Amino acid sequence: MASRRRSSSPRPTRAPSTCSGRRPTRPLTPRWCCSWRSRGWPRRRRPSSRPVARRPRRWRSSSGAGRRSNGPPRRPWARLPPTPARRECVLRPSWSSVTSWRSGPASVTLRGSSVRRVTPARDIVLLAHGSPDPRHAAGVEELAAHVRERIPGRAVHTAYLDHHPPSPSDAAAVLAGPAVVVPVLLTPAYHATVDVPTAVAEMNRGAGVDVGLADPLGPHHLLLEAAEELLAAEGMLPSPGTAVILYAAGASDSAAVRTVAETIAASPRQGWGPWAVAALDGGTRLDDVLRGLPDEVERTVAVSFMVAEGVLRDRMAQACGRHGVTMVHGALARTSAVARLVLERADSLPG
């Protein structure tokens, strides 16, 4: 027993009870003891008594600028979510962005936006042709009431070129600020090109305020939507076998009447049969339109292409009765599409 050769390699010694400060060669669970800042061992694991054969692994610092020895890595601050950007208040601008606070600028420029003083909207004056039949004025007033419902707090006036008051001068006398005149005319005929500009010029001379002129209601595709509203009110649904005739009063200028047919061609109505235009005077007559309809048409209905009822609409109803054509009740002024068209024309004029 005494002659047994002693190994040349040193005998492994037992690891001390305290932490040696070295990191194990195998990965450990990330549960560090209370002395982890001093590179201590995990509380439940101790280093093996076997000698370490390879150099302990080093940890790279979180910043990447250098290396440090064993121990837990520092917190990678770069992986934290970015701080949300600070939002600027649009109601209370920063002092650096205001040009002159005490002088009260007309526009206050903020970071990436601009807050400007809002110009009040112009009052609206509906300028119609007028008629000795009181139903015409009642229809225009009904249209004005529909427009007022859509823009509460904004004044809407009515005026007429002929036959009865209020005249354009009467409407200008009650204006409290800038206004816009919307001609209640469905075609760009003589009244829209001559009479209406003359009346607006007189309003500017006598009112003392700025009075602008918008385009007339027609031609516009919303007038076709208004006709469909009247058809729906009668319970008539779109059908390929139903032809629709827009019955207009006509004008001395036949080119103005053709604009209605051009609007139909540009905005065809879905689900219906052919749409056509007939006129009492200055255009294609009703009997000529009926002869030009295709043989596939099973039913023909007519819609009065008039803003309001009156003597002319009575003549249209009589002509439709002679030719066996059904004419729907009402006029375009009672539809919501025409009220939207008035606002579109009025807002097209800059304040």
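Numbering (the working numbering), first residue to last: 253 to 603.
Think of the CB as a built atom: it goes at the ideal place given N, C-alpha and C, for glycine as much as any other residue.
This one's a predicted model, so the numbers in the text were calculated from it and none came from an experiment.
When secondary structure is reduced to three states using DSSP, His443 falls in the helix class. Taking the Cα positions, Ala518 is about 16 Å away from Val496. If you draw a straight line from the Cα of Leu532 to the Cα of Ser556, it is about 11 Å long. In this model, Gly429 and Val512 are separated by some 35 Å (Cα to Cα). Judged by beta-carbon spacing, Ala407 lies within the 7 Å limit of Asp375, meaning their Cβ atoms are closer than that value.
In this structure, Ala411 keeps its C-beta atom at 7 Å or more from the C-beta atom of Pro404. Straight through space, the alpha carbons of Leu378 and His398 are spaced by roughly 12 Å.
According to DSSP, Arg551 shares a beta bridge with Thr494.
Straight across, the Cα-Cα distance linking Glu596 with Val434 is about 10 Å. A residue is called buried once 16 or more other Cβ atoms fall within 10 Å of its Cβ, and Gly523, having fewer, is exposed. Contact between the stretch 540-557 and the stretch 452-462 is not established, with fewer than three Cβ pairs separated by less than 8 Å. Nearest C-alpha to Thr494 among Val549, Glu394 and His409: Val549.
Within the DSSP secondary-structure output, Ala530 pairs in a beta bridge with Tyr499.
In the structure shown, the three-state DSSP call for His409 is strand. The alpha-carbon separation between Thr587 and Ala466 amounts to approximately 21 Å. The criterion of a C-beta distance shorter than 7 Å is satisfied by Val559 and Leu584.
Gly487 and Leu498 have their alpha carbons spaced roughly 18 Å apart. The distance from the Cβ of Thr536 to that of Val577 is about 14 Å, inconsistent with a contact at the 8 Å cut-off.
Close CB contacts of Glu477 within its chain, under the 7 Å cut and outside five residues either way in sequence, are with Ala589 (chain order).
Per DSSP, the beta bridge partners of Ala431 are Asp375 and Val463. In terms of Cβ geometry, Gly525 and Pro492 form a close pair [threshold 7 Å]. Taking 4 residues as the minimum length, the alpha helix (DSSP H) runs contained wholly in the stretch 548-601 are 563-574 and 588-599, in order along the chain. Out of Val452, Val529, His388 and Met568, the CA that lies nearest to the CA of Arg510 is found in Val529.
If you ignore the 5 residues before and after Ala554, its C-beta comes within less than 6 Å of the C-beta of Ile497, Tyr499, Cys572, Val577 and Met579, all in its own chain and listed in chain order. Only residues of its own chain outside the window of five on either side were considered, and among them Met579 have a CB closer than 6 Å to the CB of Ala569, listed in chain order.
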